[in-house]
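Note that this note's numbering numbers the sequence shown so that position 94 is 966, with each residue one more than the last.
One structure is given below, encoded as structure tokens.
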Amino acid sequence: MDEKDVECPKFAWIILVCIGCFDIIRGIVHTFFIEYAATNIVGLDLTCNRADQMVLLMIFGTSNYMTGAIYILIGLKARNLVPAMFAIIIFLFVIPAVIIFGIMPPRAGVSGGPLGPIYLIISSVVLIASYIHKRKIK
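Shown next, in the form of structure tokens:
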């Protein structure tokens, strides 16, 4: 299949697949290395409500597996959806960030938090570059 037949440049779907792989790694950290992640990455105080906090981190890890798998599948099998997926990623990082940091800032360290802006920047650059690429090939 020619790249022009797919409404997505090669770099965009490769980056989405890489983000998917990274999300799966994050899922592994949040499920198999949960205690390390809780204390050393997130900076949670596990002396209070330990089980609840661990369950929440594990649920977050499970969602990382799902998003990672979805990103990989879209990147490999539904490339025409890749630009839309980057737009969705942008939307789903901006809205919660406004709510979380604007209305109810967390008390715990948010060491995993810097990944949000990184995802946002990568997604924005790739989305813009994808549309520029699409206009150039038409």
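Here a beta-carbon is modelled for each residue, glycine too, at the ideal position from N, C-alpha and C.
- When secondary structure is reduced to three states using DSSP, residue 879 falls in the coil class, being assigned neither helix nor strand.
- Residue 884 carries a helical assignment under DSSP once its states are collapsed to helix, strand and coil.
- Put simply, the backbone Cα of residue 963 is about 30 Å away from that of residue 907.
- Each of 919, 1009, 987, 1004 was checked against the Cα of residue 913, and the nearest Cα belongs to 987.
- The region 949 to 968 and the region 883 to 902 touch, with three or more beta-carbon pairs separated by less than 8 Å.
- Fewer than three beta-carbon pairs drawn from the region 924 to 944 and the region 968 to 977 are found closer than 8 Å, and the two stretches are therefore not classed as touching.
- Under the DSSP assignment, residue 952 falls outside any alpha helix (DSSP H); it carries neither an H nor an E label.
- Per DSSP, residue 918 lies in no alpha helix (DSSP H) and is assigned neither H nor E.
- Distance from the CA of residue 944 to the CA of residue 893, rounded to the nearest whole angstrom, comes to 7 Å.
- In the structure shown, residue 975 falls within a coil segment according to DSSP collapsed to helix, strand and coil.
- Note on geometry: alpha-carbon atoms of residue 991 and residue 883 lie some 16 Å from one another.
- The DSSP-derived three-state label of residue 963 is helix.
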